[in-house]
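Enquirer: Handing you a structure now.
Protein chains in written order, with my numbering: chain A, 1 to 200; chain B, 201 to 400.
This is the structure we're talking about:
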């Protein structure tokens with residue numbers, strides 16, 4: 001039985017929710033309200049010194065943070081993680097792209113735009129976040145123009161990682177209608193067996 | 201024969217240089233001056249649409265970007281990447297930590313402090329970058345206080361990934377003397393066989 005520590009409305013935590021359901025793994029969800037300090041308590045920092053969600057409890061004393069590392073752990077020896085050396089490296093390539101070139105703009109724009117008060121000073125960051133986020137979406141659009149999924153023409157944890165914040169990018173003020181190949185890929189991902197909705 | 205496209209002074213590119221030397225793999229280095237637009241040419245963007253270094257040329261038509269995905273690819277089936285499922289996931293955990301919580305602060309502070317003119321407006325970002333970078337160093341210090349290496353008490357690609365920008369953090373104005381466990385770990389990494397210096 002895994003323990004998934006996360007906040008249901010977070011895209012990074014949603015990745016776990018999707019993988020646990022689609023891999024039909026037994027788990028218990030522990031809601032951690034990272035918007036209100038629950039990741040900064042001494043008890044939580046003892047489990048994850050970096051003070052972030054999600055976190056996977058594997059067994060007594062074994063914990064794993066970092067959403068994309070958790071996806072790779074859960075998907076080991078499953079159809080969601082290719083065995084081929086180059087394909088597996090491409091899955092990681094897109095996961096690192098997600099955490100470095102995509103999430104810091106698209107997820108952060110969503111957080112500011114959808115969750116902070118209308119007069120919050122961080123709204124001044126939105127134009128720059130949207131510019132960089134659109135650069136990431138353009139890279140994805142070009143890649144998906146000739147492909148059904150990110151790697152090897154099969155649904156993998158790379159798709160889960162990128163779906164999490166792309167499918168709700170409109171929350172951050174992004175116009176997904178400008179990216180038709182992304183739109184078709186989002187529909188393919190949402191049609192996978194055992195798909196669950198963000199926040200459910 | 202691999203082709204390593206990179207800029208020798210970049211820590212992300214240095215990761216490849218270290219791994220290629222330490223794994224004794226045959227390669228040719230192609231210097232790409234990303235500080236002066238060489239990653240934005242049509243020819244380079246055709247190889248890596250995300251316009252970044254490093255990039256690994258594997259064989260005709262096969263390329264792999266993202267420094268940490270390249271490390272995992274190169275280290276497959278070697279002593280630098282553990283076979284155990286949990287240890288391998290922990291290697292990825294620290295690599296995602298590096299790209300999300302470490303590099304955007306410690307590498308960017310170095311770039312601004314060491315490479316931009318004294319009157320560059322981005323110097324105003326340095327206090328915030330140093331605050332966040334020190335948070336990452338504190339997480340590493342706590343982890344290394346009871347360990348020799350990041351995962352499984354063995355040198356791995358997680359150490360290479362974190363060494364790249366940590367060992368030169370003073371370039372960005374960080375005081376490594378405040379982190380004794382990191383200092384001892386840096387010495388252990390530098391003492392590995394076939395270690396090479398940044399920029400060499």
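Virtual Cβ for every residue (Gly too), placed ideally from N, Cα, C.
Beta-carbon within less than 6 Å of residue 356 of chain B's beta-carbon, same chain only, minus the 5 sequence neighbours each way: which residues are those?
Expert: Only 280 and 291 meet the Cβ criterion.
Enquirer: Compare the beta carbon distance of residue 8 of chain A and residue 67 of chain A with 8 Å and say whether it is the shorter of the two.
Expert: Here residue 8 of chain A is not near residue 67 of chain A, since their CB atoms are 8 Å or more apart.
Enquirer: Kindly list the residues whose CB is nearer than 6 Å to the CB of residue 134 of chain A, restricted to its own chain and excluding five residues on each side of it in sequence; keep chain order.
Expert: Here residue 134 of chain A has no same chain residue with a Cβ atom under 6 Å from its own Cβ, once five neighbours each way along the sequence are excluded.
Enquirer: For the beta strand (DSSP E) containing residue 275 of chain B, list its first residue and its last residue.
Expert: No beta strand (DSSP E) contains residue 275 of chain B, which is instead part of the alpha helix (DSSP H) from 267-275.
Enquirer: For residue 353 of chain B, which residues does DSSP report across the bridge?
Expert: BP columns for residue 353 of chain B are empty, so no partner.
Enquirer: Pull up the distance between the alpha-carbon of residue 3 of chain A and that of residue 352 of chain B, whole angstroms please.
Expert: 23 Å
Enquirer: Measuring only the C-alpha atoms, how far is residue 271 of chain B from residue 119 of chain A?
Expert: The straight-line gap separating the alpha-carbon atoms of residue 271 of chain B and residue 119 of chain A is approximately 44 Å.
Enquirer: How close, in whole Å, do the beta carbons of residue 50 of chain A and residue 301 of chain B come, if the pair is a contact with beta carbons under 8 Å?
Expert: That belief holds up - the Cβ atoms of residue 50 of chain A and residue 301 of chain B are roughly 6 Å apart, short of 8 Å.
Enquirer: Chain B partners of residue 102 of chain A, CB-CB under 7 Å?
Expert: What residue 102 of chain A touches in chain B: nothing, since even the nearest Cβ is about 10 Å away.
Enquirer: Using a Cβ cut-off of 8 Å (strictly closer), state whether residue 13 of chain A contacts chain B.
Expert: Chain B contact via Cβ: absent.
Enquirer: In or out: residue 24 of chain A buried (at least 16 other Cβ within 10 Å) or exposed?
Expert: Classification for residue 24 of chain A: exposed.
Enquirer: Of the residues B:366, B:221 and B:236, which one's Cα is nearest the Cα of residue 275 of chain B?
Expert: B:221
Enquirer: Tell me whether residue 133 of chain A sits in a helix, a strand or coil according to DSSP, three-state version.
Expert: helix
Enquirer: Between the alpha carbons of residue 29 of chain A and residue 245 of chain B, how many angstroms are there, rounded?
Expert: 42 Å
Enquirer: Below 8 Å, how does it come out for the stretch 93-100 of chain A and the stretch 168-181 of chain A: are there three or more Cβ pairs, yes or no?
Expert: no
Enquirer: Starting from residue 368 of chain B, find everything on chain A with Cβ-Cβ shorter than 9 Å and list it in chain order.
Expert: Here the premise fails: no neighbours, minimum Cβ distance about 19 Å.
Enquirer: In its own chain, which residues sit with a C-beta less than 6 Å from the C-beta of residue 395 of chain B, not counting the 5 before and 5 after it?
Expert: Excluding positions up to five away in sequence, the list is empty.
Enquirer: Can you check whether the CB of residue 326 of chain B is closer than 8 Å to the CB of residue 306 of chain B?
Expert: no
Enquirer: Could you check the C-alpha separation between residue 366 of chain B and residue 346 of chain B for me, to the nearest Å?
Expert: 19 Å
Enquirer: Return the chain-ordered list of same chain residues with a C-beta closer than 7 Å to the C-beta of residue 342 of chain B, the five sequence neighbours on each side being excluded.
Expert: none
Enquirer: Between residue 150 of chain A and chain B, is any beta-carbon pair separated by less than 8 Å?
Expert: no
Enquirer: Would you verify that the beta carbon of residue 310 of chain B is, or is not, closer than 8 Å to some beta carbon of chain A?
Expert: Cβ-Cβ to chain A under 8 Å: no for residue 310 of chain B.
Enquirer: Name the chain A residues whose beta carbon is nearer than 9 Å to that of residue 160 of chain B?
Expert: Given a span of 201 to 400 for chain B in the structure shown, any question on residue 160 of chain B remains unanswerable.
Enquirer: Determine the DSSP secondary structure at residue 308 of chain B, reduced to helix, strand or coil.
Expert: helix
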